[in-house]
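First up is the structure itself, then whatever we jot down about it.
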């Protein structure tokens, strides 16, 4: 049973499994060397594994889909296989600025 809460600081997260410290939250970009936004923007999940058990999602997606769905209630969260890209599944909530961030990281742009 998933519910909104806070991490050890003041960041609000969706606790998917509180006992095992697995949460879903906005992508954390405090360490530029990790290039988290750029890695999530690539077309395959092969370079997306960087967190310590958490599920990172774009800020817009967390704010407008996850947070709004769980305010004042609990719910079930399913973690699905990575068959489609985030852009294919949630095109309206894909908020990575591809042109500036991907070019600066020298990563290929995701396929349209």
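In our numbering, the protein residues as written are 68 to 179. Every residue, glycine too, gets a C-beta built ideally from N, C-alpha and C.
Cβ-based neighbour list, residue i, same chain, cut-off 7 Å, excluding 5 preceding and 5 following
i           : result
residue 117 : 101, 103 and 106
residue 129 : 92 and 93
residue 115 : 106 and 107
Proximal residues to residue i (C-beta, below 8 Å), its chain only, five neighbours per side dropped
i           : result
residue 171 : Unreliable positioning characterises residue 171 in this predicted model, as indicated by a pLDDT of 45, which lies under 50. The coordinate reading is nonetheless provided below. So the list is empty, once near-sequence residues are dropped.
residue 68  : 141, 142 and 143
residue 133 : 81, 91 and 124
residue 137 : 69, 70, 71 and 81
residue 73  : 79 and 80
Opposing strand residues paired with residue i [DSSP bridges]
i          : result
residue 92 : 123
residue 73 : 79
Selection from the options that minimises the alpha carbon distance to residue i
i           : options               : result
residue 85  : 147, 71, 125 and 114  : 71
residue 149 : 113, 129, 136 and 158 : 113
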